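The sequence shown begins at 31 in my numbering and counts up one residue at a time. Glycine residues also receive a C-beta, built at the ideal position from the N, C-alpha and C atoms. Bear in mind the structure is a predicted one, so any value in this text is a computation, not a measurement. The block underneath contains the structure these notes are about, expressed in structure tokens.
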Amino acid sequence: MIEPSLLQVRGLSKTYQNRTGLFRRQAVEAIKPLSFDLEVGQTLAIVGEAGSGKSTLARILAGMIEPTSGDIAIDGQLMVHGDYQTRCKLLRMIFQDPNTSLNRKIRVGQILETPLRLNTEMTEEERREKVVQTLRMVGMLPDHALFYPQMLSSGQQQRVALARALVLSPGLLLLDEPLSALDALVRTHLRSEIRALQQRLGITTIMVTHDQEEAMTM
Ligand code: ADP
Ligand code: MG
Numbered sequence: 031m032i033e034p035s036l037l038q039v040r041g042l043s044k045t046y047q048n049r050t051g052l053f054r055r056q057a058v059e060a061i062k063p064l065s066f067d068l069e070v071g072q073t074l075a076i077v078g079e080a081g082s083g084k085s086t087l088a089r090i091l092a093g094m095i096e097p098t099s100g101d102i103a104i105d106g107q108l109m110v111h112g113d114y115q116t117r118c119k120l121l122r123m124i125f126q127d128p129n130t131s132l133n134r135k136i137r138v139g140q141i142l143e144t145p146l147r148l149n150t151e152m153t154e155e156e157r158r159e160k161v162v163q164t165l166r167m168v169g170m171l172p173d174h175a176l177f178y179p180q181m182l183s184s185g186q187q188q189r190v191a192l193a194r195a196l197v198l199s200p201g202l203l204l205l206d207e208p209l210s211a212l213d214a215l216v217r218t219h220l221r222s223e224i225r226a227l228q229q230r231l232g233i234t235t236i237m238v239t240h241d242q243e244e245a246m247t248m
């Protein structure tokens with residue numbers, strides 16, 4: 031039997047219906063029907079200018095918005111819109127702006143522990159262990175578990191977002207311009223760390239960027 035690709039996308043499209051007046055609607059075709067496969071261990075870069083539909087594609091893959099048409103299968107399993115439980119164990123996403131993607135009222139430790147509590151059978155002790163291990167993996171310290179996101183630099187916040195994405199050990203990591211809100215120096219640093227992690231964990235990655243050069247180095 032032939033193994034299915036890790037990710038199979040078939041005829042995926044999205045048209046937004048924007049209200050332009052009381053009775054008027056304008057259709058914005060954000061993604062034209064799109065099909066592709068991604069194999070285990072591969073990295074796919076999605077490159078395009080602003081407004082070309084990159085985030086729309088990423089959000090559809092992450093299950094946050096419903097496609098107008100098309101199917102997504104991960105590990106041969108057809109994704110159902112709204113079934114976030116199944117999807118979050120298979121695919122996790124990191125967003126452009128850590129400031130809005132992390133809840134600033136929740137401590138880092140809890141941000142990382144919640145997905146474990148909701149999606150695994152781990153004991154409290156095992157969860158604590160996993161949180162510390164994941165923080166270390168992204169270059170943070172165990173004590174950072176006690177911090178609130180706004181006490182961290184944006185580079186550190188993006189590390190927390192990375193930790194949150196990796197804590198459930200998903201097969202697929204989806205990054206939507208994760209470095210664009212960061213200073214040049216932090217960006218260079220974090221880019222090479224993400225790449226090292228990717229290689230070490232052998233994690234399949236989809237990288238969204240508007241920067242062609244960045245796409246080439248991921
Ligand atoms: P990118 O991430 O490549 O900049 P987006 O996927 O954010 O592109 O946007 C693609 C197009 O869809 C743009 O024309 C944008 O204005 C439109 N769009 C994005 N999100 C929405 C939305 N929630 N409602 C209506 N139109 C949207
Ligand atoms: Mg975008």
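Tell me, please, whether the segment 158-165 touches the segment 132-150 by the rule of three or more beta-carbon pairs shorter than 8 Å.
-> Proximity of the segment 158-165 to the segment 132-150 meets the contact definition, three or more beta-carbon pairs being nearer than 8 Å.
Could you tell me the boundaries of the alpha helix (DSSP H) in which arginine 194 lies?
-> As a working note, residue 194 is residue 164 in the sequence shown. Under the DSSP assignment, arginine 194 falls in the alpha helix (DSSP H) whose first and last residues are 184-196.
Cβ of lysine 84 versus every heavy atom of the ligand MG: is any distance shorter than 6 Å?
-> Position 54 of the sequence shown, counted from the start, is the residue given in the question as residue 84. Because some heavy atom of the ligand MG lies under 6 Å away, the Cβ of lysine 84 counts as near it: yes.
Who are the near neighbours of glutamate 96 in its chain, counting only those whose CB is closer than 7 Å to its CB and skipping five residues on each side?
-> Position 66 of the sequence shown holds residue 96. Same-chain partners within the cutoff: His111.
Could you tell me the boundaries of the beta strand (DSSP E) in which methionine 170 lies?
-> For the purposes of this step, residue 170 is taken as the residue at position 140 of the sequence shown. Methionine 170: not part of any beta strand (DSSP E); DSSP gives it neither H nor E.
If you draw a straight line from the C-alpha of proline 200 to the C-alpha of alanine 92, how long is it?
-> Counting from one through the sequence shown, the residue named residue 200 turns up at place 170. Counting from one through the sequence shown, the residue named residue 92 turns up at place 62. C-alpha of proline 200 to C-alpha of alanine 92: approximately 12 Å in a straight line.
Report yes if the C-beta distance between leucine 132 and glutamine 187 is below 7 Å; otherwise report no.
-> Translated into the one-based positions of the sequence shown, residue 132 becomes position 102. Translated into the one-based positions of the sequence shown, residue 187 becomes position 157. Contact: yes.
Backbone secondary structure at valine 110 - three-state DSSP = Position 80 of the sequence shown holds residue 110. Note: valine 110 maps to coil in three-state DSSP.
Is it the case that the CB of valine 39 approaches a heavy atom of the ligand ADP more closely than 6 Å?
-> Position 9 of the sequence shown holds residue 39. False, no ligand heavy atom lies under 6 Å from that Cβ.
So what's glycine 41 in DSSP terms, helix, strand or just coil?
-> Your numbering for residue 41 matches position 11 in the sequence shown. Collapsing the DSSP output to three states places glycine 41 in a strand.
For the alpha helix (DSSP H) that histidine 89 lies in, which residues bound it at each end?
-> Locating residue 89 in the sequence shown gives position 59, where the first residue counts as 1. Before going on, a small fix: residue 89 reads as arginine here, not histidine. First-last of the alpha helix (DSSP H) with arginine 89: 84-91.
So the alpha helix (DSSP H) threonine 150 belongs to, where does it begin and stop?
-> Residue mapping note: residue 150 aligns to position 120 of the sequence shown, counting from 1. Counted as a single uninterrupted DSSP element, the stretch harbouring threonine 150 is not any alpha helix (DSSP H), since DSSP gives it neither H nor E.
With a threshold of 6 Å, establish whether the CB of alanine 80 neighbours any heavy atom of the ligand ADP.
-> Indexing the sequence shown from 1 puts residue 80 at position 50. It does: the Cβ of alanine 80 is within 6 Å (strictly closer) of some heavy atom of the ligand ADP.
Identify the continuous alpha helix (DSSP H) that holds glutamine 229 and give its terminal residues.
-> Here residue 229 is taken as the residue at index 199 of the sequence shown, counted from 1. Segment 214-231, the alpha helix (DSSP H) holding glutamine 229.
For alanine 103, name the three-state secondary structure that DSSP assigns.
-> Taking the first residue of the sequence shown as 1, we reach residue 103 at position 73. Alanine 103 falls in the strand class under three-state DSSP.
Top-ranked residue by Cα proximity to valine 238, from Leu231, Met246, Gly232 = As a working note, residue 238 is residue 208 in the sequence shown. When each option's Cα is compared against that of valine 238, the closest is Met246.
With respect to the alpha helix (DSSP H) encompassing glutamate 243, which residues constitute its N-terminal and C-terminal limits?
-> Translated into positions along the sequence shown, residue 243 becomes position 213. Here the alpha helix (DSSP H) through glutamate 243 covers 242-247.
Rounded straight-line distance, which links the Cα of isoleucine 61 to that of arginine 54 | The residue you call residue 54 lines up with position 24 of the sequence shown. The residue you call residue 61 lines up with position 31 of the sequence shown. Answer to the nearest angstrom: the Cα atoms are 21 Å apart.
Alanine 75 beta carbon near the ligand ADP (any heavy atom closer than 6 Å) | Here residue 75 is taken as the residue at index 45 of the sequence shown, counted from 1. Short note on alanine 75: C-beta not closer than 6 Å to any heavy atom of the ligand ADP.
Determine the extent of the alpha helix (DSSP H) in which serine 131 is found, giving its start and end residues.
-> In the sequence shown, the residue the question calls residue 131 occupies position 101. Where serine 131 is concerned, the enclosing alpha helix (DSSP H) stretches over 128-131.
For glutamate 156: DSSP bridge partner residues | Translated into the one-based positions of the sequence shown, residue 156 becomes position 126. BP columns for glutamate 156 are empty, so no partner.
Got a sec? Which residues, its chain only, sit under 8 Å from leucine 64 by beta carbon, not counting five neighbours each side?
-> One-based indexing of the sequence shown puts residue 64 at position 34. Counting only Cβ-Cβ distances below 8 Å, and skipping sequence neighbours, we find Val39, Gly41, Leu42, Ser43, Leu87, Gly100.
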